[in-house]
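Number of protein chains: 2
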Amino acid sequence: MEAGPAASFIQDGMVVASSGFTKSGDSKAVLLALSERAEFDPLQITLITGASLGQQTDARLATAGAVSLRLPFQADPVMRTLINEGQLMYIDENLGETAAHLKTGIFGDIDIAIIEASSIKADGSIVPTTSVGNSAVFAALAKQIIVEINLAVPSDIEGIHDIFLSGNFPDKAVTPITSTGQRVGRGSIPCNPDKIIGIVFTDKKDSPADILAPDKTTVQIASYILDFLGSEVRAGRLSNSLLPLQAGIGKVANAVLQGFAESDFEHLTIYSEVLQDSTFDLFDADKLDFASGSSITVSETCYQRIFQNWGKYKDKILLRPQDITNSAEVISRLGVIAINTALECDIYGNVNSSHISGTHIMNGIGGSADFAQNSYLSIFVTESTCKGKTISRIVPMVPHVDHSEHDVDILVTEHGLADLRGLAPRQKAEAILKNCVHPEYRDMLQEYFTEACTRGGQTPHVLEKAFNWYQNLRLTGSMKRHHKFQEPSPDLS
Amino acid sequence: MEAGPAASFIQDGMVVASSGFTKSGDSKAVLLALSERAEFDPLQITLITGASLGQQTDARLATAGAVSLRLPFQADPVMRTLINEGQLMYIDENLGETAAHLKTGIFGDIDIAIIEASSIKADGSIVPTTSVGNSAVFAALAKQIIVEINLAVPSDIEGIHDIFLSGNFPDKAVTPITSTGQRVGRGSIPCNPDKIIGIVFTDKKDSPADILAPDKTTVQIASYILDFLGSEVRAGRLSNSLLPLQAGIGKVANAVLQGFAESDFEHLTIYSEVLQDSTFDLFDADKLDFASGSSITVSETCYQRIFQNWGKYKDKILLRPQDITNSAEVISRLGVIAINTALECDIYGNVNSSHISGTHIMNGIGGSADFAQNSYLSIFVTESTCKGKTISRIVPMVPHVDHSEHDVDILVTEHGLADLRGLAPRQKAEAILKNCVHPEYRDMLQEYFTEACTRGGQTPHVLEKAFNWYQNLRLTGSMKRHHKFQEPSPDLS
Chain A
652 MEAGPAASFI QDGMVVASSG FTKSGDSKAV LLALSERAEF DPLQITLITG
702 ASLGQQTDAR LATAGAVSLR LPFQADPVMR TLINEGQLMY IDENLGETAA
752 HLKTGIFGDI DIAIIEASSI KADGSIVPTT SVGNSAVFAA LAKQIIVEIN
802 LAVPSDIEGI HDIFLSGNFP DKAVTPITST GQRVGRGSIP CNPDKIIGIV
852 FTDKKDSPAD ILAPDKTTVQ IASYILDFLG SEVRAGRLSN SLLPLQAGIG
902 KVANAVLQGF AESDFEHLTI YSEVLQDSTF DLFDADKLDF ASGSSITVSE
952 TCYQRIFQNW GKYKDKILLR PQDITNSAEV ISRLGVIAIN TALECDIYGN
1002 VNSSHISGTH IMNGIGGSAD FAQNSYLSIF VTESTCKGKT ISRIVPMVPH
1052 VDHSEHDVDI LVTEHGLADL RGLAPRQKAE AILKNCVHPE YRDMLQEYFT
1102 EACTRGGQTP HVLEKAFNWY QNLRLTGSMK RHHKFQEPSP DLS
Chain B
652 MEAGPAASFI QDGMVVASSG FTKSGDSKAV LLALSERAEF DPLQITLITG
702 ASLGQQTDAR LATAGAVSLR LPFQADPVMR TLINEGQLMY IDENLGETAA
752 HLKTGIFGDI DIAIIEASSI KADGSIVPTT SVGNSAVFAA LAKQIIVEIN
802 LAVPSDIEGI HDIFLSGNFP DKAVTPITST GQRVGRGSIP CNPDKIIGIV
852 FTDKKDSPAD ILAPDKTTVQ IASYILDFLG SEVRAGRLSN SLLPLQAGIG
902 KVANAVLQGF AESDFEHLTI YSEVLQDSTF DLFDADKLDF ASGSSITVSE
952 TCYQRIFQNW GKYKDKILLR PQDITNSAEV ISRLGVIAIN TALECDIYGN
1002 VNSSHISGTH IMNGIGGSAD FAQNSYLSIF VTESTCKGKT ISRIVPMVPH
1052 VDHSEHDVDI LVTEHGLADL RGLAPRQKAE AILKNCVHPE YRDMLQEYFT
1102 EACTRGGQTP HVLEKAFNWY QNLRLTGSMK RHHKFQEPSP DLS
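Note that the protein sequences, when read in sequence, are chains A and B.
According to the working numbering, the first sequence holds residues 652 to 1144 in order.
According to the working numbering, the second sequence holds residues 652 to 1144 in order.
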């Protein structure tokens, strides 16, 4: 059927689930048709996905006022504005946990799921496209399903999906993955064909990833990480093929993965969420043996390259449900080296990944906590400052904690790497002050820490000054300017 | 040998590991002998345990200045003072993670491990006593081992230990536990007998647990939880035997477990860290089928009762290494219902479990994050106020985050229960304001939240006022008094 009639199944107040993970494998017709309809036929839905959608879908739905509740992740600026205004409720979830939350029924039944597919098999099961995300749990739980068969996706994508369903409590099964390349599930998503109420054909590529080329700062950060991992190998703590790598999205993570291509490490593996351009660069550099993720999210040129040489990559990739890629069980068993981006970090190693100035959400926590909490090594990267150095990304106290000091092993900025393992909080502060903070903020931060220590404590702070930097920023446009203004000048003293 | 000569193996600067988990199965002779020696022969060690020790050992070692670094948990007031003064470095760790950290070698080699035992088997393996804790990893890694054979422990304790070693990366094994009562390991701790440099005999019971009887407040909190779980059963989300229970230490958790004895729930199981008096009360009430933990920590009367009727309990208990009881893999597979105590919680559901006023550590995070992050239901309990209501335990923003809002499903005080599942942050604030906060603080908290919302954001805050309550407390002795003082009176306006 056409997208319009398919969208008409969706009614005001429904819980709607859609495939899609970091812009890949998402609904490309029905949700857009819904947004068009909503402009003249007001309705509001709960929208649940794998992660972010492409095609401007979140923007269009938000503009049409068609979403009352959104989870577990989104990255669109228009929708973000409504969220921060409190007009659209947003549940920012750990991406590995949504499937389990849905199984409890706390969001109510899923009325309709929209799942992009490469094909539907004779048994009704659905072959996904460039992402798996939460589609398997959507297919299991939804009352009705609309399938979007995307003819733009090469049909020989079939074979890279590994759909493992762990079952429900109290009979949840072992997820038996003991190496990144081990297939444990089936190639398509089980689906009761009676639930399929519509099939829509599309012919549209995924929205491409925005790849920012490495720059001086990100290359510097990458080199610290590569040097550190090299020293871990020399210390006998890691082999030359390291442990499975996970890297979040962002230019720093991208630069780090690109750095591996020119490194001495060999036979690397990836156990991550998103397979990005850098994954395929590592395959081409003959550095990577296998990559497991929940989506392929790449630039337009990389997309062409992959699918024109599909035979070269196909046997080295598995796409899995996001509750498997982000599973605490599997991550803690494999011993992943996780590299994620911090918005900011405080002197004790607590990380804010999601909230600007502690209040306004940027995107969300994504899978960063799934990995940081369970990895062998949890590395966070950030530039030491931003916005022309008016903002230090190393602060006295982060006003929003996504990752506590317990889940942050290594912090890296373009100024250096702080190895926080085996350190007590005051020692962590010294390591971060010494290695990570921008020189223009070092004295201010040292001054704060010194004053805090006079107050005592395992984790010293001066609570009434802990957020002064944000107050400075709000009032003067810079974290530091106001501080200088506060200094009594010789003339006045 | 005698304890004194055994302690003389320990030299200044050594890394010393000791058995002991919440005061059970700890060294009762060698560490005390070391503390006596340290009074006239100054030395400092790194001391690594399972969790807290009994016998005033931490107090005596701290008084003697014999510890430079302590991990992963301690609960002694004397040592706490040194920690908060910055004189003794303390690494407060997730209790399930220490074994993995030790395997990386980041704390250096363990020079000597002291392990309390019931006996040593012919193959050199060690039968533990009332706790397992980290003893298995200590025995594997330590260069030398001193065994304390405690004759006060009934020898037929043998048989309740389940020692599973998951191995090292990249070959870490599946931990195949799929039900609380499933034995997966061996009955004693593997040990190379060549490493045993001394055997000391003791005849001393564990320090007893301090059990506080339920009072009006804790019984009220317990009843909210039991009612809530009952409603989950009626909603079809849980069976009448629920899912395995975990309860932290403390009078509220104790009251909750006691409440189960008079409930309609049946065939309960426990998958927890510490088996407390309430565990055995539930066995006696015929409500509990099985209990898995890492220690038995009970009152003196309960201890007598257990070991005088050992046959009644022995087949229903397993004691496991703390990296198994607190394993993300197993907790997330079993779907544990975790009940832990918050020091304080903020309006968005972020929990502080460890730091008074954000700076001074009380005990530590313990196993609370291991369970909160991976459980099916993460419940946090706290009284709404303390110290004659001068302190509200529900605050605008916690100044130390051990558990982010993502890991807190249910918050309960004596005023009510807030079910935070499926809510966005602003909705969580409304639920907590409505159900949990003490009436004397409700207006203040509502006022903060209302002002915060005028600033906008996914998680609204007024950063420059977020910690005013602590400032009030520091300056006036009450979180509220100063607030009243700030209110302009009609006479002055």
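Idealized CB from N, CA, C, for every residue including glycine.
Note that the structure is predicted; figures quoted are calculated from it, not measured.
Check whether the Cβ of aspartate 1053 of chain A lies closer than 8 angstroms to any Cβ atom in chain B.
On the first sequence, residue 1053 of chain A is found 402 positions in, with the first residue counted as 1. Chain B contact via Cβ: present.
Which chain B residues are close to glutamine 738 of chain A, counting only those with a beta carbon under 9 angstroms from its beta carbon? The residue given as residue 738 of chain A occupies position 87 in the first sequence. The premise fails here: glutamine 738 of chain A is roughly 10 angstroms from chain B at the closest Cβ pair, so nothing lies under 9 angstroms.
Relative to the alpha-carbon of alanine 628 of chain B, which residue among B:Leu739, B:Ile699 and B:Pro723 has its alpha-carbon at the smallest distance? What the structure shows of chain B is the stretch from 652 to 1144, and residue 628 of chain B is not part of that stretch, so it cannot be assessed.
(request) Taking only the alpha-carbon atoms, compute the straight-line gap between leucine 1110 of chain A and arginine 1077 of chain A and give it to the nearest angstrom. (result) Locating residue 1110 of chain A in the first sequence gives position 459, counting from the first residue. Locating residue 1077 of chain A in the first sequence gives position 426, counting from the first residue. Looking at the sequence shown, residue 1110 of chain A is not leucine but threonine. Going from the Cα of threonine 1110 of chain A to the Cα of arginine 1077 of chain A covers about 7 angstroms.
| query | When the Cα atoms are used, what is the spatial distance from serine 945 of chain B to leucine 969 of chain B? | reply | Position 294 of the second sequence, counted from the start, is the residue given in the question as residue 945 of chain B. Position 318 of the second sequence, counted from the start, is the residue given in the question as residue 969 of chain B. Each residue's alpha carbon lies about 8 angstroms from the other.
Cα separation between alanine 657 of chain A and lysine 772 of chain A? Along the first sequence, read from residue 1 onward, the residue named residue 657 of chain A stands at position 6. Along the first sequence, read from residue 1 onward, the residue named residue 772 of chain A stands at position 121. If I take the Cα positions, the gap works out to 21 angstroms.
Exercise. If we count the other Cβ atoms within 10 Å of its Cβ and call it buried at 16 or more, is serine 1026 of chain A buried or exposed?
Worked result: Working through the first sequence from its first residue, we reach residue 1026 of chain A at position 375. Per the 10 Å Cβ criterion, buried.
With the cut-off set at 8 angstroms, would you say aspartate 1053 of chain A and serine 1004 of chain A are in Cβ contact?
By 1-based counting over the first sequence, the position of residue 1053 of chain A is 402. By 1-based counting over the first sequence, the position of residue 1004 of chain A is 353. Yes, the Cβ-Cβ distance between aspartate 1053 of chain A and serine 1004 of chain A is below 8 angstroms.
Span of the beta strand (DSSP E) around phenylalanine 941 of chain B:
Counted from its first residue, the second sequence places residue 941 of chain B at position 290. 939-944 is the extent of the beta strand (DSSP E) around phenylalanine 941 of chain B.
Consider the Cβ of glutamate 744 of chain A: report whether some Cβ of chain B lies at a distance smaller than 8 angstroms.
-> The residue you call residue 744 of chain A lines up with position 93 of the first sequence. By this cut-off, glutamate 744 of chain A is an interface position.
- Message: My output table needs one value for histidine 1112 of chain B: the three-state DSSP class, helix, strand or coil.
- Response: Taking the second sequence and counting its residues from 1, one reaches residue 1112 of chain B at position 461. Coil at histidine 1112 of chain B, not helix or strand.
With DSSP as the reference, please indicate the residues paired to leucine 969 of chain B in a beta bridge. Taking the second sequence and counting its residues from 1, the one referred to as residue 969 of chain B is at position 318. B:Ser943, per the DSSP bridge assignment.
Next on the checklist: Our contact map puts asparagine 785 of chain B next to lysine 679 of chain B with C-beta atoms below 8 angstroms; I'd like the distance itself, whole angstroms only.
Outcome noted: Residue 785 of chain B sits at position 134 when you count from the first residue of the second sequence. Residue 679 of chain B sits at position 28 when you count from the first residue of the second sequence. Wrong, their Cβ atoms sit about 17 angstroms apart, outside the cutoff.
With a threshold of 16 other CB atoms inside 10 Å of the CB of threonine 1101 of chain A, please say whether the residue is buried or exposed. As a position in the first sequence, residue 1101 of chain A is number 450, starting the count at 1. With fewer than 16 other Cβ atoms within 10 Å, it is exposed.
- Message: Between which residues of its own chain and serine 874 of chain A is the CB-CB distance below 7 angstroms, once the five residues before and five after are set aside?
- Response: As a first step, residue 874 of chain A is located in the first sequence; it is residue number 223 there, counting from the start. Excluding positions up to five away in sequence, the list reads Gly910.
inquiry  = So that I know if they touch, is there some Cβ in chain B lying closer than 8 angstroms to that of valine 1002 of chain A?
reply    = Here residue 1002 of chain A corresponds to residue number 351 of the first sequence, with the count starting at 1. No, no contact with chain B.
Checklist entry - Along chain B, in chain order, which residues have C-beta atoms closer than 8 angstroms to that of isoleucine 734 of chain A? => result Within the first sequence, the letter at position 83 stands for residue 734 of chain A. By Cβ distance, chain B contributes Gln1109.
Supposed contact pair aspartate 760 of chain A and valine 1148 of chain A - C-beta distance, whole angstroms, cut 8 angstroms = Residue 1148 of chain A lies beyond the range of chain A shown here (652 to 1144); nothing can be said about it.
- Using a Cβ cut-off of 8 angstroms (strictly closer), state whether alanine 787 of chain A contacts chain B. Indexing the first sequence from 1 puts residue 787 of chain A at position 136. No, because no Cβ of chain B sits closer than 8 angstroms to the Cβ of alanine 787 of chain A.
Q) Quick one: what does DSSP say isoleucine 771 of chain A is sitting in, helix, strand or coil? A) Looking up residue 771 of chain A in the first sequence gives position 120. In the structure shown, isoleucine 771 of chain A sits in a strand (DSSP, three-state: E or B).
Which same chain residues, not among the five before or five after isoleucine 1007 of chain B, have their C-beta less than 6 angstroms away from its C-beta?
Indexing the second sequence from 1 puts residue 1007 of chain B at position 356. Closer than 6 angstroms at Cβ, skipping near neighbours: Met1013.
ask   = Would you say arginine 885 of chain A faces chain B, with C-beta separation under 8 angstroms as the test?
value = By 1-based counting over the first sequence, the position of residue 885 of chain A is 234. So, not an interface residue.
Original post:
Would DSSP call serine 669 of chain B helix, strand or coil?
Top reply: For the purposes of this step, residue 669 of chain B is identified with residue 18 of the second sequence, where counting begins at 1. Three-state DSSP puts serine 669 of chain B in a strand.
* Could you check if arginine 885 of chain A is buried or exposed, using at least 16 other CB atoms within 10 Å of its CB as the buried criterion? => Position 234 of the first sequence, counted from the start, is the residue given in the question as residue 885 of chain A. With fewer than 16 other Cβ atoms within 10 Å, it is exposed.
So, using beta-carbon positions, are histidine 1089 of chain B and serine 1129 of chain B closer together than 8 angstroms?
Within the second sequence, numbered from 1, the residue matching residue 1089 of chain B stands at position 438. Within the second sequence, numbered from 1, the residue matching residue 1129 of chain B stands at position 478. Contact flag unset, no.
Query raised in the report: Closer than 8 angstroms, CB to CB, is alanine 668 of chain B near chain A or not?
Result: The residue given as residue 668 of chain B occupies position 17 in the second sequence. No, because no Cβ of chain A sits closer than 8 angstroms to the Cβ of alanine 668 of chain B.
Relative to the C-alpha of alanine 1080 of chain B, which candidate in B:Cys1104, B:Gln973 and B:Ile876 has its C-alpha closest? Here residue 1080 of chain B is taken as the residue at index 429 of the second sequence, counted from 1. Comparing Cα-Cα distances from alanine 1080 of chain B to each of B:Cys1104, B:Gln973 and B:Ile876, the minimum goes to B:Cys1104.
- [ ] Closer than 8 angstroms by C-beta to serine 827 of chain B: which residues in its own chain qualify, once you throw out the five before and the five after it? Chain order, please.
- [x] Mapped onto the second sequence, residue 827 of chain B falls at position 176. Looking at the sequence shown, residue 827 of chain B is not serine but proline. Excluding positions up to five away in sequence, the list reads Gln833 and Val835.
Note to self: Check whether the segment 843-854 of chain A and the segment 984-1003 of chain A are in contact - that is, three or more C-beta pairs closer than 8 angstroms.
What the structure shows: no
Can you tell me which of A:Asp857, A:Gly1039, A:Ala993 and A:Ala936 puts its alpha carbon nearest to the alpha carbon of serine 703 of chain A? On the first sequence, residue 703 of chain A is found 52 positions in, with the first residue counted as 1. Comparing Cα-Cα distances from serine 703 of chain A to each of A:Asp857, A:Gly1039, A:Ala993 and A:Ala936, the minimum goes to A:Asp857.
TODO: Look at the alpha carbon of proline 865 of chain A and the alpha carbon of serine 1043 of chain A, and state the distance between them as a whole number of angstroms.
DONE: Counting from 1 along the first sequence, the entry for residue 865 of chain A is found at position 214. Counting from 1 along the first sequence, the entry for residue 1043 of chain A is found at position 392. In a straight line, the C-alpha of proline 865 of chain A is about 21 angstroms away from that of serine 1043 of chain A.
*With a 10 Å radius around its C-beta and 16 neighbouring C-beta atoms as the bar for buried, classify leucine 1126 of chain A as buried or exposed.*
Counting from one through the first sequence, the residue named residue 1126 of chain A turns up at place 475. Under this definition leucine 1126 of chain A is an exposed residue.
Closer than 8 angstroms at the beta carbon, the chain A residues around proline 1050 of chain B:
Walking along the second sequence from the start, residue 1050 of chain B turns up at place 399. Near proline 1050 of chain B (Cβ distances below 8 angstroms), the residues of chain A are Met1048, His1112, Leu1114 and Ala1117.
- Status (buried if at least 16 other CB within 10 Å, exposed otherwise) for lysine 754 of chain B: Counting from 1 along the second sequence, the entry for residue 754 of chain B is found at position 103. Per the 10 Å Cβ criterion, buried.
TODO: Measure the Cβ-Cβ separation of isoleucine 757 of chain B and isoleucine 796 of chain B and say whether it is below 8 angstroms.
DONE: Taking the second sequence and counting its residues from 1, one reaches residue 757 of chain B at position 106. Taking the second sequence and counting its residues from 1, one reaches residue 796 of chain B at position 145. Contact flag unset, no.
Report task. Kindly say whether histidine 605 of chain B, judged by its beta-carbon, lies nearer than 8 angstroms to any beta-carbon of chain A. Result -> Because residue 605 of chain B is not part of the residues shown, which for chain B are 652 to 1144, the question remains open.
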